[in-house]
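Quick notes on the structure that follows.
Protein chains: 2
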Amino acid sequence: MYYGGIEAGGTKFVCAISDENGKIIDRVQIPTTIPEETMGQVFDFFQQFELKAIGIGTFGPIEINKKSPSYGNITETPKTPWKNYPFVKAIEERFQVPVGFNTDVNAAALGEAALGAAKGLDSCLYITVGTGIGAGAVVNGQLLQGLSHPEMGHVIVRRHADDTYEGKCPYHKDCLEGLAAGPAIEARWGENGLALAERTEVWEMQAYYIAQALVQYIVILSPKKIILGGGVMKQKQLFPLIHNYVKTLLNDYVPYPELSEKIDEYIVSPGLGDNAGITGSLLLGKLALEEKAANGLTARG
Amino acid sequence: MYYGGIEAGGTKFVCAISDENGKIIDRVQIPTTIPEETMGQVFDFFQQFELKAIGIGTFGPIEINKKSPSYGNITETPKTPWKNYPFVKAIEERFQVPVGFNTDVNAAALGEAALGAAKGLDSCLYITVGTGIGAGAVVNGQLLQGLSHPEMGHVIVRRHADDTYEGKCPYHKDCLEGLAAGPAIEARWGENGLALAERTEVWEMQAYYIAQALVQYIVILSPKKIILGGGVMKQKQLFPLIHNYVKTLLNDYVPYPELSEKIDEYIVSPGLGDNAGITGSLLLGKLALEEKAANGLTARG
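Heads up: the sequence lines are chains A and B, in that order.
When the first sequence is numbered by the working numbering, its final residue is 301 and no position is left out of the sequence of numbers.
When the second sequence is numbered by the working numbering, its final residue is 1301 and no position is left out of the sequence of numbers.
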């Protein structure tokens, strides 16, 4: 008996099977097209295995409030064919197992807290900087969730003095995502990030924006570890620049070594590399099974 | 048998006694001077009662990490006589009961979630805007805590176009607290808030800053209710201005009625009025007792 996991992204789905300890046994990659097509391949993959539970970490926004009639759906999304897609219902009906459901970034935070850079900690923040910017968090050992899931990519930042680019966010123009996600970098500088690797002014500005966002996350959430993933963060020269800006902005206000001399151990790359999301998705399945067992006990008790 | 609570503020301590349900039976106010003097009066008050537990909600910064050797202490503070004061140890040694310990704003958030404006919700944010700006939060039914307690008053905001005041925060100059706490209002406009009640430009600017901070809190924490307390928020004309700015800034990005047409039920005054902090402090005592009982069971099990 295995766990199944789905990391649902805008360009591809990663599906995987793990054992009890989260070790990945088999995996497949499926292009994200329309639900009928993509989900058909997802079903084909999983039906090869006997599964105890399936976890989904997906692009959003999604409805994660279990009391809502649209729980388990993708809600608003520019990826039109997926709008209002009942993700949890589709998987439950097909496989008749408990289904865990959360954002891709919350899943990645869970994966990193369980088996990655934040292993052993009851608190961490995972941020992806790529086509968009999103973040998930573990707080007191649980996934962060309230009215909705966080939308941390849309924090307000101060503009860099040399930045005349208006910003790309369709809702807020120059929020963090509007100024610092991959498409904004390309629109501002006229080339994509890979071609700009040697231009120091690009990464100075990028670090300035990301560091401001991290300061907001730190004073609001006080995570025990911050993990920066996503395509843009493959530019490793960003890390020391971000470390310096965060230290300067905080100015020793919170006197913890993690926020000063040990900051390079505090703001880090994913311990699981590109597997943070799928690992967390598999864990979401395991949590769904445990929750069902606990509810069963309560009902019997 | 009763619960004791201490709301420790920079100018006064409120001490109270409650029954099992959080109903306040007796209370006293003690000026904050030096620990020997203030705590002497605190001891005198509590020794009149038979107590099961005592909760402390205090000004900070404080050490709330139970694994730290300085757990239970006030740490850095401009109130020099209280620097490194071992608050929990002093109360434990004197009364030999379980002691709960957290920030005044986390206590207020707990009080409002249990018995106030966020009653019945497992998530809320409490912000005080007064001599300083601080906030506490309940997330998934638990007090928000990570590396340290939050320091949300120090979020970064964009400057208002008409604001030439440099900011008063000794660490960050023009963070939220530096631009929008009571002393900043007085320094910018030359009079204290009460005397400025009729000047609309004062409250427009104030709402602009507070609304930006709320947007940061919303996209990062997604609280189910936001409660604004403290002296500055007695200027009730601020509420509609803040509601409008928050709506404008979010621009329907998170499509919840709480963040658009129902925003006046979402961002509200404390349900417990000035009693949020002391009510939460009493509950911290109750939680400390329950935690001790649970640990005892585990140890026996």
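The beta-carbon is built from N, C-alpha and C at its ideal position, and this holds for glycine as well.
The model shown is predicted, which means the values in this text are computed figures rather than measured ones.
Alpha-carbon spacing of Val1097 (chain B) relative to Cys15 (chain A), whole angstroms:
Stepping through the second sequence from its first residue, residue 1097 (chain B) is reached at position 97. Stepping through the first sequence from its first residue, residue 15 (chain A) is reached at position 15. C-alpha separation (whole angstroms): 52 Å.
By the three-class DSSP mapping on this structure, what secondary structure does Gln1216 (chain B) have?
Position 216 of the second sequence holds residue 1216 (chain B). Helix at Gln1216 (chain B).
Can you tell me whether DSSP reads Gly1055 (chain B) as helix, strand or coil?
Within the second sequence, numbered from 1, the residue matching residue 1055 (chain B) stands at position 55. DSSP, reduced to helix, strand and coil, places Gly1055 (chain B) within a strand of the structure shown.
Between the Cα of Val1139 (chain B) and those of B:Phe1087, B:Thr1128, B:Ser1222, spot the shortest distance and give me the residue it belongs to.
Residue 1139 (chain B) sits at position 139 when you count from the first residue of the second sequence. When only C-alpha atoms are compared, the closest one is B:Ser1222.
Taking buried to mean at least 16 other C-beta atoms within 10 Å of its own C-beta, is Ala109 (chain A) buried or exposed?
Looking up residue 109 (chain A) in the first sequence gives position 109. Looking at its Cβ environment, which holds 16 or more other Cβ atoms inside 10 Å, Ala109 (chain A) is buried.
Who are the near neighbours of Ile1156 (chain B) in its chain, counting only those whose CB is closer than 7 Å to its CB and skipping five residues on each side?
Here residue 1156 (chain B) corresponds to residue number 156 of the second sequence, with the count starting at 1. Once the five neighbours on either side are set aside, the close Cβ partners of Ile1156 (chain B) are Cys1175.
Helix or strand or just coil, what does DSSP make of Tyr208 (chain A)?
The residue labelled residue 208 (chain A) in the question sits at position 208 within the first sequence. In this structure, Tyr208 (chain A) counts as helix in the three-state DSSP scheme.
By the 10 Å Cβ neighbour count, where 16 or more other Cβ atoms means buried, how is Ser281 (chain A) classified, buried or exposed?
If you number the first sequence from 1, residue 281 (chain A) lands on position 281. Counting Cβ neighbours within 10 Å, Ser281 (chain A) comes out buried, since at least 16 surround it.
Flag Leu284 (chain A) as yes if its beta-carbon sits less than 8 Å from any beta-carbon of chain B, otherwise no.
Along the first sequence, one-based indexing puts residue 284 (chain A) at 284. With 8 Å as the cut-off, Leu284 (chain A) does not count as an interface residue toward chain B.
Just verifying my parser: in three-state terms, what is the DSSP assignment at Arg1027 (chain B)?
Taking the first residue of the second sequence as 1, we reach residue 1027 (chain B) at position 27. Arg1027 (chain B) sits in a strand when the DSSP states are folded into three classes.
Can you give the beta carbon distance from Gly1285 (chain B) to Gly1009 (chain B), rounded, assuming they're within the 8 Å contact cut?
Translated into positions along the second sequence, residue 1285 (chain B) becomes position 285. Translated into positions along the second sequence, residue 1009 (chain B) becomes position 9. So it is not a contact: roughly 18 Å between Cβ atoms.
For Lys247 (chain A), decide whether its Cβ has a neighbour in chain B, counting only Cβ atoms nearer than 8 Å.
Against the first sequence, residue 247 (chain A) aligns to sequence position 247. Not closer than 8 Å to any Cβ of chain B, the Cβ of Lys247 (chain A) fails to qualify, so no.
Check the Cβ of Ile1220 (chain B) against every Cβ in chain A and list those closer than 9 Å, keeping chain order.
Translated into positions along the second sequence, residue 1220 (chain B) becomes position 220. The contacting residues are Ala135, Ala137, Leu144, Pro150, Glu151, Met152, Val155, Gln216, Tyr217, Ile220, Leu221.
Taking Cβ-Cβ distances below 7 Å as the criterion, which residues of the region 160-176 of chain A are in contact with chain B?
Against chain B - using a Cβ distance shorter than 7 Å - the residues of the region 160-176 of chain A are Tyr171, His172.
Using 8 Å as the limit for Cβ to Cβ distance, is Gly1301 (chain B) near chain A?
Along the second sequence, read from residue 1 onward, the residue named residue 1301 (chain B) stands at position 301. Note that Gly1301 (chain B) scores a pLDDT of 38, beneath 50, so its modelled location is shaky; the value from the coordinates is reported in the next line. So, not an interface residue.
With 16 other CB atoms within 10 Å as the buried threshold, where does Asn1106 (chain B) fall?
Within the second sequence, numbered from 1, the residue matching residue 1106 (chain B) stands at position 106. Burial is judged here by how many other beta carbons sit within 10 angstroms of a residue's own beta carbon; Asn1106 (chain B) has at least 16 and is buried.
So, does the CB of Gln1206 (chain B) fall closer than 8 Å to a CB anywhere in chain A?
Residue numbering aside, residue 1206 (chain B) sits at position 206 when the second sequence is read from its first letter. It does not: the Cβ of Gln1206 (chain B) has no partner Cβ on chain A nearer than 8 Å.
Alpha-carbon spacing of Asn21 (chain A) relative to Gly111 (chain A), whole angstroms:
Along the first sequence, one-based indexing puts residue 21 (chain A) at 21. Along the first sequence, one-based indexing puts residue 111 (chain A) at 111. Put simply, the backbone Cα of Asn21 (chain A) is about 12 Å away from that of Gly111 (chain A).
Short-range partners of chain A found in the region 1120-1133 of chain B, where Cβ spacing is below 8 Å:
Within the region 1120-1133 of chain B, those residues whose Cβ lies closer than 8 Å to any Cβ of chain A are, in chain order, Ser1123.
Starting from the C-beta of Leu1121 (chain B), find all residues in its chain whose C-beta is less than 7 Å away, skip the five residues before and the five after it, and write them out in chain order.
Reading the second sequence from its first residue, position 121 is the one you call residue 1121 (chain B). Ala1113, Lys1224, Lys1225.
Selection of the region 246-277 of chain A by Cβ proximity to chain B, strictly under 9 Å:
Taking 9 Å as the Cβ-Cβ cut-off against chain B, the residues of the region 246-277 of chain A that qualify are Leu249, Leu250, Asn251, Asp252, Tyr253, Val254, Pro255, Tyr256, Glu258, Leu259, Tyr266.
Identify, in the order they occur along the chain, each residue of the same chain with its Cβ nearer than 6 Å to the Cβ of Gln212 (chain A), setting aside the five sequence neighbours on each side.
On the first sequence, residue 212 (chain A) is found 212 positions in, with the first residue counted as 1. Excluding sequence positions up to five before and after Gln212 (chain A), its CB lies within less than 6 Å of the CB of Val157, all in the same chain and listed in chain order.
Do Val99 (chain A) and Gly230 (chain A) have their CB atoms nearer than 8 Å?
Translated into positions along the first sequence, residue 99 (chain A) becomes position 99. Translated into positions along the first sequence, residue 230 (chain A) becomes position 230. A distance of 8 Å or more separates the beta carbons of Val99 (chain A) and Gly230 (chain A).
Which chain A residues sit within Cβ distance under 9 Å of Lys1224 (chain B)?
Residue mapping note: residue 1224 (chain B) aligns to position 224 of the second sequence, counting from 1. Within 9 Å Cβ-Cβ: Gly146, Leu147.
Could you tell me the boundaries of the alpha helix (DSSP H) in which Glu1112 (chain B) lies?
As a first step, residue 1112 (chain B) must be located in the second sequence, where it is residue number 112. Counting along the chain, the alpha helix (DSSP H) containing Glu1112 (chain B) begins and ends at 1104-1115.
Should the region 1075-1090 of chain B be called in touch with the region 1266-1280 of chain B, which here means at least 3 C-beta pairs below 8 Å?
Short answer: they don't touch.
Between the CA atoms of Pro1035 (chain B) and Pro1150 (chain B) - distance to the nearest angstrom
In the second sequence, the residue the question calls residue 1150 (chain B) occupies position 150. In the second sequence, the residue the question calls residue 1035 (chain B) occupies position 35. Note on geometry: alpha-carbon atoms of Pro1150 (chain B) and Pro1035 (chain B) lie some 25 Å from one another.
Given this structure, state the Cα-to-Cα distance separating Ile957 (chain B) from Thr1032 (chain B), to the nearest angstrom.
Nothing about residue 957 (chain B) can be read from this structure; chain B reaches only from 1001 to 1301.
Is Tyr256 (chain A) near Ser1269 (chain B), with beta carbons less than 8 Å apart?
Taking the first sequence and counting its residues from 1, the one referred to as residue 256 (chain A) is at position 256. Taking the second sequence and counting its residues from 1, the one referred to as residue 1269 (chain B) is at position 269. Taking a C-beta distance under 8 Å as the contact criterion, Tyr256 (chain A) and Ser1269 (chain B) do not qualify as a contact pair.
How is the beta strand (DSSP E) around Tyr1126 (chain B) delimited, first residue to last?
In the second sequence, residue 1126 (chain B) corresponds to position 126, counting from 1. Looking at the DSSP string, the run of the beta strand (DSSP E) that includes Tyr1126 (chain B) is 1124-1129.
Closer than 7 Å by beta-carbon distance: list the chain B residues that pair up with Glu76 (chain A), in chain order.
In the first sequence, residue 76 (chain A) corresponds to position 76, counting from 1. Going along chain B in sequence order, the residues near Glu76 (chain A) (Cβ under 7 Å) are Pro1255.
Proximity below 8 Å, CB of Tyr2 (chain A) to CB of Ile25 (chain A):
Residue 2 (chain A) sits at position 2 when you count from the first residue of the first sequence. Residue 25 (chain A) sits at position 25 when you count from the first residue of the first sequence. Closer than 8 Å, so yes.
With 8 Å set as the bound, which would you pick, yes or no: does the beta-carbon of Asn140 (chain A) sit closer than that to a beta-carbon of chain B?
Counting from 1 along the first sequence, the entry for residue 140 (chain A) is found at position 140. Yes, Asn140 (chain A) lies at the interface with chain B (some Cβ there is under 8 Å from its Cβ).
Quick check on Glu258 (chain A): buried or exposed, where buried means 16 or more other Cβ atoms within 10 Å of its Cβ?
Residue mapping note: residue 258 (chain A) aligns to position 258 of the first sequence, counting from 1. Buried, by the Cβ-count rule.
Give the secondary structure of Glu186 (chain A) by DSSP, where H, G and I count as helix, E and B as strand, and everything else as coil.
By one-based count along the first sequence, residue 186 (chain A) stands at place 186. Residue state, collapsed to three classes: helix.
Count the other C-beta atoms from every protein chain shown that fall within 10 angstroms of the C-beta of Val47 (chain A), then say buried if there are 16 or more, exposed otherwise.
Locating residue 47 (chain A) in the first sequence gives position 47, where the first residue counts as 1. Val is not the amino acid found at residue 47 (chain A); the sequence shown has Gln there. Residue burial annotation: Gln47 (chain A) is exposed, with fewer than 16 other C-beta atoms found within 10 angstroms of its C-beta.
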